[in-house]
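For the sequence shown, UniProt numbering assigns the number 1 to the initial residue and increments by one for each residue that follows.
Note that the Cβ used here is the ideal one computed from N, Cα and C, for glycine as well.
Before any comments, here is the structure.
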Amino acid sequence: MKNATKASRQGAQFPPRLPIERDPVDRVAPSSKLAEARRSGEWPSFDFIDPMVGGSGVQDAKAITRYAEVREVLRAPGTRLGIVVHAEEESLKMPGMLLVGEGEEHRRAKSVLVRHLNPRRVQELRPELERIVDELLDRLATQPSPIDLVAEYTSQLPALMVSHLLGIPYEEASKIDHWTRKQSDQTVSAGEVQTAISELKAYTAEKVTKARENPGNDLLSALVHDHTDVLSDEESGGLVFSIITASLDTTARFSTLVILTLLRNAEQRAIMQEAGGISEANIDELIRYLSPAPAAQWRYITEDLEIGEKSLKAGERVQVSLLAANWDPELVGDHPELDLRRKPIPHVAFGYGMHQCPGQHLARLEVSILVSKLFDRYPGLRLAEDIDDLEWLKDDLLYATRTLPVTW
Numbered sequence: 001m002k003n004a005t006k007a008s009r010q011g012a013q014f015p016p017r018l019p020i021e022r023d024p025v026d027r028v029a030p031s032s033k034l035a036e037a038r039r040s041g042e043w044p045s046f047d048f049i050d051p052m053v054g055g056s057g058v059q060d061a062k063a064i065t066r067y068a069e070v071r072e073v074l075r076a077p078g079t080r081l082g083i084v085v086h087a088e089e090e091s092l093k094m095p096g097m098l099l100v101g102e103g104e105e106h107r108r109a110k111s112v113l114v115r116h117l118n119p120r121r122v123q124e125l126r127p128e129l130e131r132i133v134d135e136l137l138d139r140l141a142t143q144p145s146p147i148d149l150v151a152e153y154t155s156q157l158p159a160l161m162v163s164h165l166l167g168i169p170y171e172e173a174s175k176i177d178h179w180t181r182k183q184s185d186q187t188v189s190a191g192e193v194q195t196a197i198s199e200l201k202a203y204t205a206e207k208v209t210k211a212r213e214n215p216g217n218d219l220l221s222a223l224v225h226d227h228t229d230v231l232s233d234e235e236s237g238g239l240v241f242s243i244i245t246a247s248l249d250t251t252a253r254f255s256t257l258v259i260l261t262l263l264r265n266a267e268q269r270a271i272m273q274e275a276g277g278i279s280e281a282n283i284d285e286l287i288r289y290l291s292p293a294p295a296a297q298w299r300y301i302t303e304d305l306e307i308g309e310k311s312l313k314a315g316e317r318v319q320v321s322l323l324a325a326n327w328d329p330e331l332v333g334d335h336p337e338l339d340l341r342r343k344p345i346p347h348v349a350f351g352y353g354m355h356q357c358p359g360q361h362l363a364r365l366e367v368s369i370l371v372s373k374l375f376d377r378y379p380g381l382r383l384a385e386d387i388d389d390l391e392w393l394k395d396d397l398l399y400a401t402r403t404l405p406v407t408w
């Protein structure tokens, strides 16, 4: 990451990565360029900045936009994650870290985590999730409006929930949130990012040691004590690092987008309120429609591949657009717009293949509780600013608005 500062300056010369571009008016739909690439079946090339790469950090890749081709690329064995190919910093070499894991090591570590985050075990977290949300809503009631829901609500629950899941004191949640935000903030220096990574690695290693010595009734202790035949302590630390970094900004930004979408769409909001809240099927439709993580990490082609009727050569780079795929007529027919009455469809918003999100069941539950309880408590909720005045994180790999001022 030593070139991150230089790369971010040069990045201003480029438009947002083609696979994440959205319509400037609608703000959610794929851009016209993305839609045209998908319609034509072409794989247009685009330039982007990757601060993990030496030199200028400038890379070129092909954008894959069609639903079927996106799934083929994501499950193809002849590709590697770009971050794995080009990572030069020791801070990224951490056993058990799912973001940079590949092959058998990745499969082994992920299989342990999936066992602990299956639908049944996630539902056991519901009482604590509801308690935290109720407290956050009580706190909102004491504050003068307008209130920024990002700062006071949607960013709060994920950090507090991860603290509970891992047996970490709630008062340390803000520290965890600080480290993860530094890692995803494209405006901070490379040194700040490296410091955040190093401090979070040291923190997770310390928690693994404490769990080894004094186990509790939490996921961290289970990783350390119940899977010694599968995981080393270093891999347990990498898994904890993965849980923390993958659970905070993603859930917070998705929640923010869902609330904003329902405030903009009275018809869909009425459907939710008539049903008494957001269901899991609703969450899947919302994440399909919004695609808050609009693209998967770029991939490096390691051997010649046939994708549909076209081919990729070893040494090429590609990035799939989850956003374009989730709006593909092959998946949604002629009606890509939000429809909370739509039956569940196999979208790719949580990824596909080996790197499909292992925490998706928890994310669904968190967002459904957070959104349902908010609108139930404050049925008169409305935006306190014009939507055109909101600052959109359109250049970020996780999409949302930076703030969400509301009143009721």
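In terms of Cα proximity to residue 182, the closest of 274, 131, 240 and 245 is 245. Contact between residue 362 and residue 117 holds, since their C-beta atoms are separated by about 6 Å, short of 8 Å.
In the displayed model, residue 71 falls within a helix according to three-state DSSP. Residue 129 is not a Cβ neighbour of residue 177, given a cutoff of 8 Å. 8 Å or more divides the Cβ of residue 79 from the Cβ of residue 289. In the three-state reduction of the DSSP assignment, residue 392 falls in the strand class. Within the segment 342 to 377, no run of beta strand (DSSP E) at least 3 residues long lies entirely inside it. Rounded to whole angstroms, the Cβ separation of residue 221 and residue 205 is 15 Å, and the two are not in contact under 8 Å. When the alpha-carbon of residue 231 is set against those of 108, 355 and 329, the nearest one is in 108. Residue pairing from DSSP places residue 80 in a beta bridge opposite 300. Distance from residue 160 to residue 374 at the Cβ level is roughly 16 Å; contact not present, criterion being Cβ atoms closer than 8 Å.
Leaving aside the five residues that flank residue 344 on each side, the residues in its chain whose CB is nearer than 6 Å to its CB run, in chain order, 281 and 284.
Judged by beta-carbon spacing, residue 265 lies beyond the 8 Å limit of residue 312, meaning their Cβ atoms are not closer than that value.
Straight through space, the alpha carbons of residue 347 and residue 70 are spaced by roughly 11 Å. Boundaries of the alpha helix (DSSP H) harbouring residue 119: 119 to 123, taken from the DSSP string. Cβ neighbours of residue 291 within its own chain (closer than 7 Å, five residues either side excluded): 322, 323, 326 and 349. The beta carbon of residue 131 sits closer than 6 Å to none of the beta carbons in its chain outside the five residues before and after it. The alpha-carbon separation between residue 310 and residue 45 amounts to approximately 15 Å. When secondary structure is reduced to three states using DSSP, residue 383 falls in the strand class. Just measuring C-alpha positions, the residue of 65, 19, 224 and 32 sitting nearest residue 41 is 65. Between residue 96 and residue 168, the alpha-carbon positions lie close to 20 Å from each other. Straight-line measurement puts the Cα of residue 365 at about 11 Å from the Cα of residue 121.
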